[in-house]
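Numbering (our numbering), first residue to last: -6 to 71.
Glycine is no exception: its CB is placed at the ideal position from the N, C-alpha and C atoms.
Right, one structure below, let's go through it.
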């Protein structure tokens, strides 16, 4: 449910607005507050894993988009 709420919060934002929105949420104080509010260690682990996957996806996205554009320009298919 937290992921759905997070997605709904950032859905209408522009890419340039995301860093200013996300930076306070990744502050050390916010991380400590979130861990204090977690109901179980399994839930915390789940959030860390999902957050890591999302971060990895967002970091790799520009490279993947360039790769796809290059393939489309040169007519290569899978």
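Going by alpha carbons, who is nearest to residue i out of the options?
i: residue 25; options: 54, 55, 53 and 41; result: 41
i: residue 75; options: 48, 63 and 57; result: Since the displayed the chain opens at -6 and closes at 71, residue 75 lies outside it and no answer follows.
i: residue 8; options: 64, 63, 52 and 65; result: 52
Is residue i helix, strand or coil when you go by DSSP?
i: residue 27; result: helix
i: residue 4; result: coil
i: residue 20; result: coil
For residue i and residue j, I'd like the C-alpha separation in whole angstroms.
i: residue 38; j: residue 28; result: 10 Å
i: residue -5; j: residue 61; result: 31 Å
i: residue 44; j: residue 59; result: 24 Å
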